[in-house]
Structure formats: C-alpha cells, structure tokens
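Note sheet for the following structure.
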Amino acid sequence: MTIAGFLYPGHSAEDDYPVFAELLGPGTELRVVHTLMREDAHRVDALLDVGGDDVLGEGARELRALGVDAAVWACTSGSFVFGWEGATEQAEAVGREAGCPSSSTSFAFVNAVRALGLSRVAVAATYPGDVAGRFAEFLGRAGIEVAAWAGRGIVTAAEVGTLPPDEVLEFAAAGDHPDAEAVLVPDTALHTAGVLDALEERLGKTVLTANQVSVWEGLRLAGDTAPREGLGTLFRTGSAEAAAQRT
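Under my numbering, the first residue of the sequence shown is numbered 313, with each subsequent residue one higher.
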C-alpha cells in the first residue's frame with residue numbers, strides 16, 4: 313500500500329482527491345489534511361501567510377501521525393510566492409515535520425515538465441496577473457520557457473472551486489499558445505480530476521493541472537511510478553519517465 317499525504321489549504325476542490333484515489337485503483341491511499349487559511353485571497357501577503365511555517369508545520373505533524381510515505385504541500389501559489397529558495401526551504405521543512413520525502417505543487421509542476429521532456433509551456437492561471445506572473449518567473453528559474461501566460465483575475469479560492477467543467481475546458485484552451493508544448497493550469501482550488509483526458513483532447517496537447525501534478529508528485533516520492541490511464545499524459549507516460557530517471 314502506498315500512502316501519499318497532502319496538505320490542502322482550506323476547502324475548495326479537496327473532493328478532487330477521492331476522485332483521483334478511485335481512478336488510481338487499489339493499493340494507493342491519498343490522505344488529505346486541511347491547513348489553516350486565515351484569509352482566502354490570491355494576494356501576495358495572504359499567500360505568504362497561507363504557506364507559513366506555523367501553518368504547514370502543524371499540518372505536517374498530522375501527516376506524520378497518519379503514517380504517510382510522502383508529503384506534498386498542495387498549493388501552487390502558496391509555494392511559488394516564496395521564490396525558488398523560499399519554496400525549497402518550505403518543502404524541506406514539511407518533510408522534516410512529516411518525517412518523509414516532501415515537495416509542493418510548484419515543484420511538482422517543474423518535475424512533471426522535466427519528466428515529460430518538455431521545455432516550452434503556456435500558463436493558464438486563475439490568479440490575478442501579478443500572482444500569475446510570479447508563477448511564470450518560478451518556472452523560468454527552473455529553465456522552463458513560458459511562451460505565454462495569462463491570469464483570469466479570480467481573487468478567492470472559493471470562487472475558483474465553483475467553476476464548472478465546461479468553463480475549465482474553455483479557460484485552459486484560451487490560455488494555450490501555438491509554441492507551447494503543454495499548458496499548465498495552476499491552482500489546487502480548481503476541479504480538474506474528472507476532465508484530464510478531456511482537457512488534452514480539447515487542446516490537442518499535454519495539459520498539467522495543479523491537483524494532478526500534486527498527486528503524481530506524492531506517488532513519485534513514495535516510489536509508486538506505475539503508469540495509469542484516465543489521468544492524462546503525465547500518468548500515462550510521465551510516471552515511466554520518472555522511474556527511468558532513477559535507474
């Protein structure tokens with residue numbers, strides 16, 4: 313049994329995780345601990361608080377008690393807003409408290425892009441423009457070229473969580489760029505578990521979403537890289553690539 317743990321801020325699209333668990337099949341368990349969100353706002357100061365050491369430390373200790381094999385801070389904006397070095401320290405601190413390998417959604421995006429051998433992406437972000445721009449900068453720090461990025465301007469995770477599947481499909485398609493090899497859709501508040509294959513069919517290319525890469529990263533860190541169907545190109549081929557990189 314592989315047990316991956318996730319620190320999830322507040323309540324918006326946490327119901328994606330049971331969907332992922334069902335699609336992954338037997339032998340895999342996803343455990344979610346909700347962390348404190350004092351203010352629901354895609355604003356830099358609020359995001360720095362959401363990803364603070366006190367908040368994540370408490371949640372990580374809960375994951376330790378649950379016996380997880382890996383821990384992921386499942387929040388894109390609450391990790392990349394700290395910058396590369398700060399996000400690295402953040403993920404390492406989670407690992408120390410959880411007592412297992414650890415990462416965050418921001419690094420999960422980077423590792424997924426690398427596992428798929430991609431180098432140029434487009435970003436379709438729900439965030440306001442200044443926050444979306446910080447994600448593009450984070451990707452650039454990893455050597456990933458961002459052909460285009462756009463922010464939808466949604467301030468709260470609560471609102472993001474209400475977007476229906478058809479709007480998610482159109483939103484992602486609107487953020488595509490002809491030169492991009494893949495489209496990245498950050499924000500773990502966005503429901504995407506049930507539309508991963510539909511997103512790729514709509515865009516005709518790889519699409520990576522926040523909850524998708526978070527789950528993939530948790531399994532990868534726990535040593536589970538078995539390919540799966542129904543979860544997009546990343547789970548179909550990226551898991552095999554990640555396994556090959558370790559051998």
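The beta carbon of each residue, even a glycine, is placed where N, CA and C say it ideally should be.
To the nearest whole angstrom, what separates the beta carbons of residue i and residue j, a pair I think is in contact under 8 Å?
i: residue 413; j: residue 362; result: About 22 Å; that fails the 8 Å criterion.
i: residue 420; j: residue 383; result: Between residue 383 and residue 420 the Cβ distance is about 12 Å, and since that is not below 8 Å, they are no contact.
i: residue 462; j: residue 487; result: 5 Å
i: residue 345; j: residue 371; result: 5 Å
For a test of the three-state rule: what should DSSP assign to residue i, helix, strand or coil?
i: residue 475; result: coil
i: residue 336; result: helix
i: residue 488; result: coil
i: residue 545; result: helix
i: residue 558; result: Low per-residue confidence applies at residue 558: pLDDT is 47, beneath 50, and the placement is therefore not dependable, though the value from the model is reported in the following sentence. Three-state DSSP puts residue 558 in a helix.
i: residue 463; result: strand
i: residue 538; result: coil
i: residue 550; result: helix
i: residue 417; result: helix
i: residue 493; result: coil
i: residue 358; result: helix
i: residue 386; result: coil
Inspect the beta-carbon positions of residue i and residue j and report whether they are closer than 9 Å.
i: residue 508; j: residue 316; result: no
i: residue 469; j: residue 313; result: no
i: residue 406; j: residue 385; result: yes
i: residue 388; j: residue 417; result: yes
Determine the extent of the alpha helix (DSSP H) in which residue i is found, giving its start and end residues.
i: residue 529; result: 522 to 533
i: residue 504; result: Run containing residue 504: none; DSSP gives neither H nor E here.
i: residue 450; result: 441 to 453
i: residue 374; result: 365 to 378
i: residue 630; result: With the chain covering 313 to 559 only, the question about residue 630 has no answer from this structure.
Taking the beta strand (DSSP E) that residue i belongs to, which residues open and close that run?
i: residue 428; result: Note, residue 428: premise wrong, no beta strand (DSSP E); not H, not E.
i: residue 351; result: Here residue 351 belongs to no beta strand (DSSP E), and DSSP marks it neither H nor E.
i: residue 399; result: Careful: residue 399 lies outside any beta strand (DSSP E), inside the alpha helix (DSSP H) at 395 to 410.
i: residue 324; result: Premise fails: residue 324 is in no beta strand (DSSP E) and is neither H nor E.
Is it true that the stretch 494 to 502 meets the stretch 436 to 453, where meeting means three or more beta-carbon pairs spaced less than 8 Å apart? yes
Is the number of C-beta pairs between the stretch 464 to 481 and the stretch 535 to 553 that are closer than 8 Å three or more? no
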